[in-house]
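Basically the numbering used here = 1-based index in the sequence shown + 816.
No residue lacks a Cβ here, since even glycine has one placed at the ideal position from N, Cα and C.
Since the structure is predicted, the reported quantities are computational estimates derived from the model, not experimental observations.
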Amino acid sequence: MKSSIDRLALNQLFNEARTYREWSEKPVDEQTVRDLYDLLKWGPTSANCCPARFVWVRSAEGKDKLAGFAMESNRPKVLAAPATVIIGYDLAFPETMPKLSPARGEAMRQTFLQPGLAEVTAMRNGSLQGAYLIIAARALGLDCGPMSGLDNAGVDQAFFSGTRIVSNFICSIGYGKMGTPHPRDPRLTFEESGWFA
């Protein structure tokens, strides 16, 4: 039987985790990126469709290019972060279903090719995978700065040209500078956000 993870882990993942905008000089190396992906990939998606696609922007050239498509207030955050991930979703994901769902892959491929279904499935599940990225990063001791203020069409042209991948949001990752986050904003209470039925 599974048990709850300890309070320290819960604090690292949720209770004390913060959105960072300023970063230490410590880099995020390739192995850490691979370890991060190897965690997030196990999060559930519809029929195991796994539509998210990730561009791990770490080079100065890549940061400059990406920052050019970010809102003015987000540009310094992209440039300062050790890495910023472009979280996109692939509208051609049905073609991977025979690999990802061996027992019923071709049937699932045909299902997701129905008009409009690939788009809504990719957006929903790609967003889920972006959330898994944030939790996995925190689990590995990284800090995150997710952002949605960007010129998505420009990002798609610059980073996903020739594909059916569409950008969703970006998330800087690294080791945040201590003491730099703003005071934490409130959240809705249980009663304000939902109810039992």
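| Item | Value |
| --- | --- |
| Contact under 9 Å by Cβ, LEU855 with ALA955 | yes |
| N-terminal and C-terminal residue of the alpha helix (DSSP H) that PHE928 is part of | 921–928 |
| Inter-residue Cα distance where the pair is LEU907 and ALA876 | 29 Å |
| Residue span of the beta strand (DSSP E) that contains GLY990, given as start and end | 981–990 |
| Reduced DSSP category for ARG1015 - H, G, I as helix; E, B as strand; rest coil | The requested residue 1015 is not part of the displayed model; the chain covers only 817 to 1013. |
| For MET939, the first and last residue of its enclosing alpha helix (DSSP H) | 933–955 |
| Identity of the residues DSSP links to LEU829 by a beta bridge | In DSSP, LEU829 forms no bridge with anything. |
| Cut-off 7 Å between Cβ atoms - residues of its own chain near ASN827, not counting five sequence neighbours on either side | none |
| Buried/exposed call for ARG1003, threshold 16 Cβ in 10 Å | exposed |
| Touching by the beta-carbon criterion (3+ pairs, under 8 Å), the segment 883–899 and the segment 912–924 | no |
| Cross-strand partners of LEU966 (DSSP beta bridge) | ALA886 |
| C-beta contact flag for GLY990 and LYS842 at 9 Å | yes |
| Runs of beta strand (DSSP E) lying entirely within the segment 861–906, each at least 3 residues, in chain order | 868–873, 899–906 |
| Meets three-Cβ-pair contact criterion under 8 Å: the segment 935–943 and the segment 958–973 | no |
| Closest by C-alpha distance to THR927, when choosing among PRO999, PRO997, ASP851, SER862 | SER862 |
| Rounded C-alpha distance that separates SER1019 from THR900 | Residue 1019 lies beyond the range of the chain shown here (817 to 1013); nothing can be said about it. |
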